[in-house]
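Following: one structure in structure tokens, then a few remarks.
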Amino acid sequence: MFEKSYNATYIALIPKKTGAKELKDFRPISLIGSFYKLISKVLTERLKRVVDKLVDKQQMAFIKGRQIIDAVLIANEAIDSRVTQKYPGILCKLDIEKAYDHVNWEFILSMLSQMGFGGSWTSWIKFCISTVKFSILINESPEGFFNAHRGIRQGDPLSPFLFIIAMEGLNNMLNIAKITGRIQGFEVSKVAENSVEITHLQYVDDTLIFCGAEEEQLLIIRLILVYFEAISGLHINWNKSHLYPINVVLEMDHLSQILGGAIGTFFFLKR
1 MFEKSYNATY IALIPKKTGA KELKDFRPIS LIGSFYKLIS KVLTERLKRV
51 VDKLVDKQQM AFIKGRQIID AVLIANEAID SRVTQKYPGI LCKLDIEKAY
101 DHVNWEFILS MLSQMGFGGS WTSWIKFCIS TVKFSILINE SPEGFFNAHR
151 GIRQGDPLSP FLFIIAMEGL NNMLNIAKIT GRIQGFEVSK VAENSVEITH
201 LQYVDDTLIF CGAEEEQLLI IRLILVYFEA ISGLHINWNK SHLYPINVVL
251 EMDHLSQILG GAIGTFFFLK R
């Protein structure tokens, strides 16, 4: 096994604004060594060959042939169909708080194992994410080293793919809720017999959930999110998450309190 020193990472703090003083005013950038990047790049190229078969079509990020514009067009069509049908519905826009920083390593390894990756591969991934040593650059000089216990690094070629694999856990739970009828999404089609039900879309950590304006459906979504947070280490940032009523939704204030997100409005829709 390679020496852990090969996985040292230097953190440079880049100010987000002029006159930055507090830690929250800086953006940490990871400076990763070339030798580790070579290892990571080899693993990433191998992962790219199969990731489209492992990650469901609802995830539009980092996979060849999928683009964010696809998610935009599908979401627009789903909302337009719901408005035309005049059925009340809710669009939940969820934001993950500090996504890369909080993801649980064991959860990533568990997802890889469930997807069929062998012990050798998961051992390599474990080495890449768990042997990191960080040092903060102060006046361009490193000041000591410390270990991490969770999270993946911005700037590591592997990180985007490992993250969408982690998000596949949420996707799987939402798919099960859809199949079992616990969540009813938006029907998209001009012909009823050829309709497609859209319950959710993902782009990295941004998630859209389409559901009926019913307390039972929102309670199921809430339970799914609580469980996903517990096993993945990821947390919903409710300050940046919103619920949008589609058509006339009675008791929208009560429904929004079930999840905890603020009520948003589309300029072209009336509440």
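In this text, residue positions in the sequence shown follow UniProt numbering: the first is 1, and each later residue adds one.
For every residue, glycine included, the Cβ atom is placed at its ideal position computed from N, Cα and C.
- Message: Looking at the secondary structure, which residues open and close the beta strand (DSSP E) in which residue 58 lies?
- Response: Position 58 of the sequence shown holds residue 58. No beta strand (DSSP E) contains residue 58, which DSSP labels as neither H nor E.
- Spatial neighbours of residue 178 within its chain, please: CB distance less than 6 Å, with the 5 preceding and 5 following residues excluded, ordered by chain position. In the sequence shown, counting from the first residue as 1, residue 178 sits at position 178. Taken in chain order, the residues that qualify are 199.
- In terms of alpha-carbon separation, which member of 114, 249, 265, 243 lies closest to residue 257? Numbered from 1 along the sequence shown, position 257 holds the residue referred to as residue 257. Residue 243 is the option with its Cα nearest to residue 257.
- Query: Is there contact here, the stretch 84-98 with the stretch 243-253, by at least three beta-carbon pairs under 8 Å?
  - Reply: yes
- Query: Looking at the structure shown, is residue 152 part of a helix, part of a strand, or coil, going by DSSP?
  - Reply: Taking the sequence shown and counting its residues from 1, the one referred to as residue 152 is at position 152. Residue 152: coil per DSSP, three-state reduction.
- Message: For residue 1, count the other beta carbons within 10 Å of its own beta carbon; 16 or more makes it buried, fewer makes it exposed. Which is it?
- Response: Within the sequence shown, residue 1 is the residue found at index 1, counting from 1. The predicted model places residue 1 with a pLDDT of 43, which falls under 50 and marks its position as unreliable, so this point remains unresolved.
- Secondary structure at residue 197, three-state DSSP: helix, strand or coil? On the sequence shown, residue 197 is found 197 positions in, with the first residue counted as 1. Note: residue 197 maps to strand in three-state DSSP.
- Using 8 Å as the Cβ pair cut-off and three pairs as the minimum, do the stretch 17-37 and the stretch 62-79 touch? no
- Item | Under the three-state DSSP convention, the category residue 27 falls into | For the purposes of this step, residue 27 is identified with residue 27 of the sequence shown, where counting begins at 1. In this structure, DSSP gives residue 27 an extended state, which the three-state scheme calls strand.
- Which full runs of the beta strand (DSSP E) of 3+ residues lie inside the stretch 76-138, going along the chain? 89-94, 133-138
- Query: By Cβ distance below 8 Å, which residues in the same chain neighbour residue 253 in space, the five residues on each side in sequence not counted?
  - Reply: Within the sequence shown, numbered from 1, the residue matching residue 253 stands at position 253. Result list for residue 253: 263, in chain order.
- Helix, strand or coil at residue 265 according to DSSP, with G and I counted as helix: Along the sequence shown, one-based indexing puts residue 265 at 265. Reduced to three states, the DSSP call for residue 265 is coil.
- Out of 153, 194, 184, 219, which has the shortest C-alpha to C-alpha gap to residue 31? Taking the first residue of the sequence shown as position 1, residue 31 is located at position 31. If we check each option's Cα against that of residue 31, 153 comes out closest.
- Message: Taking its Cβ as the centre, do 16 or more other Cβ atoms sit within 10 Å of residue 100, making it buried, or is it exposed?
- Response: Your numbering for residue 100 matches position 100 in the sequence shown. Residue 100 should be labelled buried.
- Message: Is it the case that the stretch 137-150 contacts the stretch 44-55, given that we only count it when at least three CB pairs across the two stretches are under 8 Å?
- Response: no
- Task: Give the range of the beta strand (DSSP E) segment to which residue 169 is assigned.
- Result: The residue labelled residue 169 in the question sits at position 169 within the sequence shown. Unbroken run through residue 169 is the alpha helix (DSSP H), 159-179; no beta strand (DSSP E).
- Grab the span of the alpha helix (DSSP H) containing residue 63 for me, first residue to last. On the sequence shown, residue 63 is found 63 positions in, with the first residue counted as 1. From DSSP, residue 63 is part of no alpha helix (DSSP H); its letter is neither H nor E.
- Query: Should the stretch 206-225 be called in touch with the stretch 100-115, which here means at least 3 C-beta pairs below 8 Å?
  - Reply: no
- Item | Close beta carbons around residue 70, own chain, < 7 Å, minus the five adjacent residues each side | One-based indexing of the sequence shown puts residue 70 at position 70. Around residue 70: 60.
- Task: Taking only the alpha-carbon atoms, compute the straight-line gap between residue 20 and residue 82 and give it to the nearest angstrom.
- Result: Position 20 of the sequence shown, counted from the start, is the residue given in the question as residue 20. Position 82 of the sequence shown, counted from the start, is the residue given in the question as residue 82. Whole-angstrom Cα-Cα distance: 45 Å.
- For residue 147, name the three-state secondary structure that DSSP assigns. Reading the sequence shown from its first residue, position 147 is the one you call residue 147. Strand.
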